[in-house]
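These notes concern the structure reproduced below.
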């Protein structure tokens, strides 16, 4: 990956962190914050969404572009969703638990809480909200976090409702699930104080740690999303949406810097060539006898082929601007946004069934010279026209450099065009929800996870690695309850909740079925001596595979109750007798091999220390 002098380029970046809160109910109704499987849906309904004007009479550009694609939105409803999610009932008051958690987070970020929280509507017409808008409210502003390269300011923190969960594309539009809609989340926006890819990742990690320190945020894939705003001095502000993994942030920033540098170089060369964009032309006749499957398929369905002359673009449309992405890919993104499957261009032709003769005929049809390129779209007439116009518009901006826009983060840390940057016209007041006057007097600042690690090491004598695993894991509240309230051995509790569960997961045991109650009861049985420590894996496996069992029932089913020393001695003696020759020859050298067999014979019913002592005694008798 190319490295740049980011200071010289004038890199400026900021983060927007979206984190779901782990509340009992949703932000504006009493429905649980439970994620369901689509097949559990009891019914569905459809909607068409259109942008509305703000209170100033303006329509947001991003919402307007979104509405140009005519799509039907289908929504799956459940017995855990209500009429509020369906926009058939007004929202209730702001959830108290969500507001209290937001205030705790504001404390951790050293922010100033506003005197009055007012709910706003933010226009969203991509189908992810049944209302056509998202409810959002400013809770706090003007905070800061520390990084190795200096402080990063926190601009603001909003409390918002989560959007619907996208299920799949349909023939008519998009299918969404209402289970996620309305889950409370906080949106934390930093100031543009980040000046390197590494600092962007560190800042995101720091904010993530602070959020998890509350113990009141959801965990797992999709519960936290990072957006990154990136610009360089000669470039433009780009909003990169939907970064799922912290590991991708620094590479995403690096790739966006490279994209802007390459686009600026292309714009400079286009200026030297006196480049220009032609008018779209119908070039269907060129491909009447084509062997290209894509083009032939479009024509067979009554479609046509639209061509666009890109004067001075030869060789530049195919120039790579990000790994495996080119200027032509950018043009194609805009065509796809308007319903087309993509574009062909002469920097990559002949290929895909398009012959050299067809390329020459295409060039002649639009009047292209040696330094020119041609882009084409094959689709139904309306889509082809919309798409080629979008390609022409994007090509025009290539003459200027880097267009401001919102982009979608790809899994390989590149990005693709999503929509124009939103503006202030997308916000207007919510009149159905009364304002909230937040009370911060009784809000306690949570212990940081970093502080928790230190405390676990000193107070519970855990090793640094295990202490960090527990503190940063999802089950630290259970660990603390077991140790502080039930007096369980800290090493047993920590090892079970982290090491044992990890090993079982690797063995494909469905540990996701284990509840805190399962774990608590199992650990208490082992800690109390009712089940040997060696029986823990078998006990948890039985509970995971049959979650309806109690821990006591699983012990009885698996026969995991402890055995007395006489039974241990009988089992060990039997193993030693079977290997009498080996014992006579190796003496204590046979211990390790026989220990495993003894433990297997007892199936976790006896403590390892006890088995070890008995085995040593039996070997010494016969050696």
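Numbering (full-length UniProt numbering), first residue to last: 1 to 623.
Idealized CB from N, CA, C, for every residue including glycine.
Everything numeric in this text was worked out from a predicted model, so none of it was measured.
Quiz item: Going by beta carbon distance, what residues of the same chain come within less than 8 angstroms of residue 180, once the five residues before and after it are set aside?
Solution: 35, 162, 163, 164 and 165
Quiz item: How about residue 443 and residue 103: do their beta carbons lie closer than 8 angstroms?
Solution: yes
Self-check item: Proximity of residue 174 and residue 436 at Cβ, strictly below 8 angstroms
Solution: Their beta carbons are not under 8 angstroms apart, which means residue 174 does not touch residue 436 by this criterion.
Quiz item: Per DSSP, residue 112 forms a beta bridge with which residues?
Solution: 141
Quiz item: So which of 101, 312, 115 and 195 has the shortest CA-CA distance to residue 257?
Solution: 195
Quiz item: Considering only the beta carbon of each residue, do residue 282 and residue 306 sit closer than 8 angstroms?
Solution: yes
Quiz item: So what's residue 134 in DSSP terms, helix, strand or just coil?
Solution: strand
Practice problem: Starting from the Cα of residue 545, find the closest Cα among 462, 512, 472 and 619 and give me that residue. | Solution: 512
Quiz item: Just how far apart, CA to CA, sit residue 317 and residue 400?
Solution: When the Cα atoms are used, residue 317 and residue 400 turn out to be separated by approximately 15 angstroms.
Practice problem: Starting from the C-beta of residue 142, find all residues in its chain whose C-beta is less than 6 angstroms away, skip the five residues before and the five after it, and write them out in chain order. | Solution: 112
Quiz prompt | residue 184 classed as buried or exposed, judged by whether at least 16 other C-beta atoms fall within 10 angstroms | solution = buried
Self-check item: residue 402 to residue 146 span [Cα, whole Å]
Solution: 31 angstroms
Quiz item: Would you call the segment 284-301 and the segment 363-379 touching, i.e. three or more CB-CB distances under 8 angstroms?
Solution: A contact exists between the segment 284-301 and the segment 363-379.
Quiz item: Distance, Cα to Cα, residue 387 vs residue 339?
Solution: The alpha-carbon atoms of residue 387 and residue 339 are separated by roughly 7 angstroms.
Quiz prompt | residue 590 burial status per 10 Å Cβ neighbour count (16 or more: buried) | solution = Counting of Cβ neighbours within 10 angstroms places residue 590 among the buried residues, the total reaching 16 or more.
Self-check item: Coarse secondary structure for residue 322, derived from DSSP in three states
Solution: Looking at residue 322 - three-state DSSP - the assignment turns out to be strand.
Exercise. Could you check if residue 440 is buried or exposed, using at least 16 other CB atoms within 10 Å of its CB as the buried criterion?
Key: exposed
Self-check item: residue 63, DSSP secondary structure in three states
Solution: With a pLDDT of only 47 at residue 63, under the threshold of 50, the placement of this residue in the model should not be trusted; the figure read from the coordinates follows. It is helical.
Self-check item: The beta strand (DSSP E) enclosing residue 307, as first and last residue numbers
Solution: 304-311
Practice problem: Check whether the Cβ atoms of residue 28 and residue 92 lie closer than 8 angstroms to each other. | Solution: Result yes, Cβ atoms of residue 28 and residue 92 sit closer than 8 angstroms.
Quiz item: How about the segment 14-31 and the segment 212-228: do they share at least three Cβ pairs that are nearer than 8 angstroms?
Solution: They touch, by the three-pair rule.
Practice problem: Could you check if residue 364 is buried or exposed, using at least 16 other CB atoms within 10 Å of its CB as the buried criterion? | Solution: Residue 364 should be labelled exposed.
Quiz item: Quick one: what's residue 539 bridged to in DSSP?
Solution: Its beta-bridge partners do not exist; DSSP assigns none.
Self-check item: Distance cut-off 7 angstroms: residue 166 Cβ against heavy atoms of the ligand PLP
Solution: No copy of the ligand PLP occurs in the structure displayed, which carries no ligand at all.
Quiz item: Which whole-angstrom value is the C-beta distance of residue 191 and residue 153, which I expect to be below 8 angstroms?
Solution: 4 angstroms
Practice problem: Mind reading off the beta-carbon distance from residue 239 to residue 407? Whole number of angstroms is fine, and I expect it under 8 angstroms. | Solution: At roughly 7 angstroms, the Cβ-Cβ gap stays under 8 angstroms, so residue 239 and residue 407 are in contact.
Quiz item: How long is the line joining the alpha carbons of residue 216 and residue 421, rounded to whole angstroms?
Solution: 32 angstroms
Quiz item: Tell me which same chain residues have a C-beta within less than 6 angstroms of the C-beta of residue 12, skipping the five on either side of it?
Solution: 192 and 231
Exercise. Specify whether the segment 493-513 and the segment 456-466 touch according to this definition: at least 3 beta carbon pairs, one from each stretch, less than 8 angstroms apart.
Key: yes
Exercise. Would you list the residues sitting across from residue 637 in a DSSP beta bridge?
Key: Since the displayed the chain opens at 1 and closes at 623, residue 637 lies outside it and no answer follows.
Quiz item: With burial defined as no fewer than 16 other Cβ atoms inside 10 Å of the residue's Cβ, what is the status of residue 347: buried or exposed?
Solution: By the 10 Å Cβ count, residue 347 comes out buried.
Self-check item: Assigned exposure category for residue 662 - 16 Cβ within 10 Å defines buried
Solution: This structure cannot settle anything about residue 662, because the visible part of the chain is limited to 1 through 623.
Self-check item: Nonlocal neighbours in the same chain, by C-beta distance under 7 angstroms from residue 483, ignoring five residues either side
Solution: 460, 490 and 493
Exercise. Would you kindly check if the distance between the Cβ of residue 327 and the Cβ of residue 398 is under 8 angstroms?
Key: yes
Quiz item: Closest by CA to residue 536, which one among 96, 554 and 311?
Solution: Residue 536 has its Cα closest to that of 554, out of 96, 554 and 311.
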